Amino acid sequence: MEEKVYIFDTTLRDGEQSPGISLNAREKLEIAEQLARLGVDIIEAGFPVTSPGDFEAVKTIAEKVKGPTIAALARAVDLDIDRAWEAIKNAEKPRIHTFIMTSDIQIGLQLKKTKDEVLEMAARAVRRAKGYTNDVEFSPMDATRSDFDFLCKVIEAAIESGATVINIPDTVGYALPNEFGKLIRDLKSAVKSLNNVILSVHCHNDLGMAVANSVSAIENGANQIECAVNGLGERAGNTSLEEIAMILDTRRRTLNKTTGIVTEEIIKTSRLVSSLTGYFVQFNKAIVGANAFAHSSGIHQDGVLKGRTTFEIIDPRKIGLTESKLILGKTSGRHAFKTHLESMGYSLKEEEFDRAFERFKDLADKKAEITDEDLIAIATDEVRTIKEAYILEYIKTSSGTNKTPKAKIRLKKDDKLIEEEARGDGQVDAVCKAISMATGVETKLLSYNVSSITGGLDAQGDVTIQLEIEGNKVLGRGVSTDIIEASARAYLNAINKAIEK
Ligand code: KIV
Ligand code: ZN
Numbered sequence: 007m008e009e010k011v012y013i014f015d016t017t018l019r020d021g022e023q024s025p026g027i028s029l030n031a032r033e034k035l036e037i038a039e040q041l042a043r044l045g046v047d048i049i050e051a052g053f054p055v056t057s058p059g060d061f062e063a064v065k066t067i068a069e070k071v072k073g074p075t076i077a078a079l080a081r082a083v084d085l086d087i088d089r090a091w092e093a094i095k096n097a098e099k100p101r102i103h104t105f106i107m108t109s110d111i112q113i114g115l116q117l118k119k120t121k122d123e124v125l126e127m128a129a130r131a132v133r134r135a136k137g138y139t140n141d142v143e144f145s146p147m148d149a150t151r152s153d154f155d156f157l158c159k160v161i162e163a164a165i166e167s168g169a170t171v172i173n174i175p176d177t178v179g180y181a182l183p184n185e186f187g188k189l190i191r192d193l194k195s196a197v198k199s200l201n202n203v204i205l206s207v208h209c210h211n212d213l214g215m216a217v218a219n220s221v222s223a224i225e226n227g228a229n230q231i232e233c234a235v236n237g238l239g240e241r242a243g244n245t246s247l248e249e250i251a252m253i254l255d256t257r258r259r260t261l262n263k264t265t266g267i268v269t270e271e272i273i274k275t276s277r278l279v280s281s282l283t284g285y286f287v288q289f290n291k292a293i294v295g296a297n298a299f300a301h302s303s304g305i306h307q308d309g310v311l312k313g314r315t316t317f318e319i320i321d322p323r324k325i326g327l328t329e330s331k332l333i334l335g336k337t338s339g340r341h342a343f344k345t346h347l348e349s350m351g352y353s354l355k356e357e358e359f360d361r362a363f364e365r366f367k368d369l370a371d372k373k374a375e376i377t378d379e380d381l382i383a384i385a386t387d388e389v390r391t392i393k394e395a396y397i398l399e400y401i402k403t404s405s406g407t408n409k410t411p412k413a414k415i416r417l418k419k420d421d422k423l424i425e426e427e428a429r430g431d432g433q434v435d436a437v438c439k440a441i442s443m444a445t446g447v448e449t450k451l452l453s454y455n456v457s458s459i460t461g462g463l464d465a466q467g468d469v470t471i472q473l474e475i476e477g478n479k480v481l482g483r484g485v486s487t488d489i490i491e492a493s494a495r496a497y498l499n500a501i502n503k504a505i506e507k
C-alpha cells in the first residue's frame, strides 16, 4: 500500500526570506490560494512575530484559505508562540511550528544557553503551543550538525510535551544523501515515540542536494517534506516543491508513496511565484525551466517526433503545459477569450477580466501570433494588480544619436491628470524620472531586469524593477510589447505598491 507523503510548503516563510523578496499581503494571499489549488497539505504562511505586515498577511491567509493546514512559525519563546496563535487562530486547521537551535555551534555562538536550558525551552514552547492547538510542529534547528544523543533527548522531550510533528532540518545544507537518510533511520530507531508522530524534513540547498536529501529521507521513513515553489528560500534555497512532487509522481512505483499534489497546477504556480517575487526561473531548471521539455539535438528531436517517450520521462501536460500555440486573434470575442483563460485555470473577477480583455485586444493589434505564454502574462498581471493610486495614461519618449533622451508622461490620480517631462541617461531613465516627479515619490533603483515572454521581435517585454522607497524594498512589474512602456508600468507599479503598504 502506498503511503502518503505530506507536502508542507514554505514559499511564504522560508521562501520569502530570500534576499530581495518582499511580498505584500495581497500577493501572499494570491500565492496561498494557488497553493491550495495545487493541493499542498500545509502552507507555512509566515513568521508573525517578525513584523505587523507579516502578522496581518498570515491572519488573512488563515481566515480566507480553505483546505490546507495553515502553519505559523515561532521561536521557542512565549511572545512568538502567542503571536503565531493570534495570527492563525481562525484557520480551519491551524498549526504552530516552533523551533530552537540544537547544534553546539549555534547554541554556543548565537543562543548562548546551556543544553539543559535549550531542552527546557523546547519542552516549554511545545506545551505553550499545545495549550492553543493540538497540531504542534517542533524543529531542532541545525539538526544535521547537532550531537546525536542531545538531538534524541530534545525530540523525546518535544513529543512528550505534545508535538505531533517533528521536523529535522538540514539548516545549512551540509548533509549528504546517505548521511541524511541514515540520520532519519537512526532517529527512528533511537526515539521510539517518533513512530507515533509525523516525521518531517526541511533541507537547504547549499550544496545542491536539498531534493536528493529529501528523497533519501523519504526512503528512510520521513513522511512530510518541507519545500518551496521554484526552490526559493534562505541562501541557495529549499527543496524545490515541483521537483519533489514530480519525483514522487514519476517514480511512484519505486518509492511506493503518494501525495495530494494536483500536478497540472505546477507550471501555473511556478509562474505566479516567479512573477510576484521577481525571481526568474533558470532556463534549465528541472520540471519548470523553459528548456525542461525542449529538445535541441537532431537525434533527440527525431526521437520525440517518433514517440514522445524516447526522450521525455514526463508528459508536459502532466504539469499543466499545453501545446496549443495560438488560438485567439484580433477578431476573437469575449466568450472565446474567457473560455480559453478558463481552460488554462484562470478565473478572473469581472473587473480583472474586463482589463485583461482590453489588453488582449490591444496586444492583438500589435502582435501577429498570440501564444498561451502571452495570455498567462496578462492574466497573472491582472490577478496581481493592486488598487492603483496612479494610472499611466500616456507616455511619449524621444532619443537618438547625440540627442538627450526625453520623456513626457501623463498619470491619472482619481479624476486629476498630472503631466511631467524629464531628461535622462536613456529613455527608461527619463520616463522613470518623470514618473517620480509626477508622483512626488523618491526612489532608489536596486535592480532592473527585462526579459521577453515569447520569441520574435514583436514579443512582449517583461520588466521587473526593484526599488527602495522610504527604506522599504518594493518590486514592480510591467508587461508590454514596448519595453519603455513596460518599464514605465513596472516603475509605477512599484510606486503604487509602496503607497498602498
Ligand atoms: O532552516 C531551518 O532550520 C528553518 C527552521 C525554522 C525549520 O527554516
Ligand atoms: Zn530553513
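Using this note's numbering, you'd call the opening residue of the sequence shown number 7 and step up by one each time.
All C-beta atoms in this analysis are idealised placements derived from N, C-alpha and C, irrespective of residue type, glycine included.
Treat the numbers as computed from the prediction; the structure is a model and nothing was measured.
Tell me, which residues are paired with residue i by DSSP?
{"i": "glutamine 230", "result": "Tyr12 and Ser206"}
{"i": "proline 146", "result": "Ile106"}
{"i": "lysine 418", "result": "Ile397 and Leu423"}
{"i": "serine 405", "result": "None, per the DSSP bridge assignment."}
{"i": "isoleucine 471", "result": "Tyr454 and Gly482"}
{"i": "lysine 510", "result": "Residue coverage of the chain in this structure runs from 7 to 507, which leaves residue 510 outside it and unanswerable."}
{"i": "glycine 52", "result": "Ala78"}
{"i": "isoleucine 174", "result": "Val207"}
{"i": "lysine 373", "result": "According to DSSP, lysine 373 bridges with nothing at all."}
{"i": "asparagine 244", "result": "His210"}
{"i": "lysine 412", "result": "Ser404 and Arg429"}
Between which residues of its own chain and residue i is the CB-CB distance below 7 angstroms, once the five residues before and five after are set aside?
{"i": "methionine 7", "result": "none"}
{"i": "isoleucine 320", "result": "Met252 and Thr256"}
{"i": "aspartate 84", "result": "Arg134"}
Leaving out five residues before and five after residue i in sequence, what residues of the same chain have Cβ atoms less than 6 angstroms from its Cβ?
{"i": "glutamate 270", "result": "Gly326"}
{"i": "lysine 331", "result": "Legend: pLDDT at lysine 331 = 49, less than 50; position of this residue unreliable, value from coordinates given subsequently. The residues are Thr377."}
{"i": "isoleucine 174", "result": "Ala149 and Val207"}
{"i": "alanine 436", "result": "Pro411, Lys412, Ala413, Ala428, Arg429 and Gly430"}
{"i": "tyrosine 352", "result": "Ala385"}
{"i": "leucine 213", "result": "Gly179"}
So, using beta-carbon positions, are residue i and residue j closer together than 9 angstroms?
{"i": "isoleucine 293", "j": "glutamate 379", "result": "no"}
{"i": "alanine 77", "j": "glutamate 33", "result": "no"}
{"i": "alanine 370", "j": "leucine 334", "result": "yes"}
{"i": "isoleucine 48", "j": "threonine 75", "result": "yes"}
{"i": "threonine 24", "j": "leucine 282", "result": "It should be pointed out that residue 24 corresponds to serine in this sequence rather than to threonine. Contact: no."}
{"i": "histidine 210", "j": "glycine 187", "result": "no"}
{"i": "glutamate 448", "j": "isoleucine 475", "result": "yes"}
{"i": "glutamate 203", "j": "alanine 169", "result": "The identity of residue 203 in the sequence shown is valine, whereas the question assumes glutamate. Against a cut-off of 9 angstroms, the Cβ pair of alanine 169 and valine 203 comes out as a contact."}
{"i": "aspartate 122", "j": "phenylalanine 154", "result": "no"}
{"i": "alanine 362", "j": "glutamate 394", "result": "no"}
{"i": "glycine 45", "j": "valine 268", "result": "yes"}
{"i": "phenylalanine 105", "j": "alanine 90", "result": "no"}
{"i": "glutamine 472", "j": "leucine 278", "result": "no"}
{"i": "asparagine 229", "j": "leucine 247", "result": "no"}
{"i": "valine 160", "j": "arginine 101", "result": "no"}
{"i": "isoleucine 401", "j": "lysine 419", "result": "no"}
{"i": "serine 3", "j": "glutamate 162", "result": "An answer regarding residue 3 cannot be provided, because it is not within the stretch 7 to 507 covered by the chain."}
{"i": "glutamate 98", "j": "glycine 73", "result": "yes"}
{"i": "alanine 181", "j": "methionine 127", "result": "no"}
{"i": "aspartate 468", "j": "glycine 446", "result": "no"}
Please work out which residues of its chain come closer than 8 angstroms, Cβ to Cβ, to residue i, disregarding the five sequence neighbours upstream and downstream, and give them in chain order.
{"i": "aspartate 60", "result": "Gly52, Phe53 and Pro54"}
{"i": "isoleucine 231", "result": "Val11, Tyr12, Ile13, Phe14, Ser206, Val207, Ser220, Ala223, Ile224, Thr245 and Ile250"}
{"i": "glycine 295", "result": "Val287, Gln288 and Phe289"}
{"i": "lysine 503", "result": "Asn30, Ile392, Val480, Leu481 and Gly482"}
{"i": "aspartate 464", "result": "Lys372, Lys373, Ala374 and Thr487"}
{"i": "threonine 403", "result": "Pro411, Lys412, Ala413, Lys414, Gln433, Ala436, Val437 and Ile490"}
{"i": "valine 310", "result": "His301, Thr316, Phe317 and Glu318"}
{"i": "glutamate 9", "result": "Asn229, Asn262, Lys263 and Thr264"}
{"i": "lysine 367", "result": "Lys336"}
Could you tell me if the beta carbon of residue i falls within a distance shorter than 8 angstroms of some heavy atom in the ligand PLP?
{"i": "aspartate 15", "result": "Annotation note on the ligand PLP: not contained in the displayed structure, which lists the ligand KIV and the ligand ZN as its ligands."}
- Report yes or no: do three or more beta-carbon pairs, one from the stretch 54-74 and one from the stretch 128-141, lie closer than 8 angstroms? Cβ pair count under 8 angstroms is below three, so no.
- Mind the definition here: the stretch 91-110 touches the stretch 146-160 only if three or more C-beta pairs lie below 8 angstroms; say whether that holds. Contact between the stretch 91-110 and the stretch 146-160 is present, because at least three Cβ pairs lie under 8 angstroms.
- Message: Contact between the stretch 437-457 and the stretch 489-500 is defined here as three or more beta-carbon pairs at a separation below 8 angstroms; is this criterion met?
- Response: Counting C-beta pairs closer than 8 angstroms gives three or more between the stretch 437-457 and the stretch 489-500, which meets the contact rule.
- Message: Could you tell me which whole beta strand (DSSP E) segments of length 3 or greater appear in the stretch 76-100?
- Response: Fully enclosed beta strand (DSSP E) runs of 3 or longer: not present.
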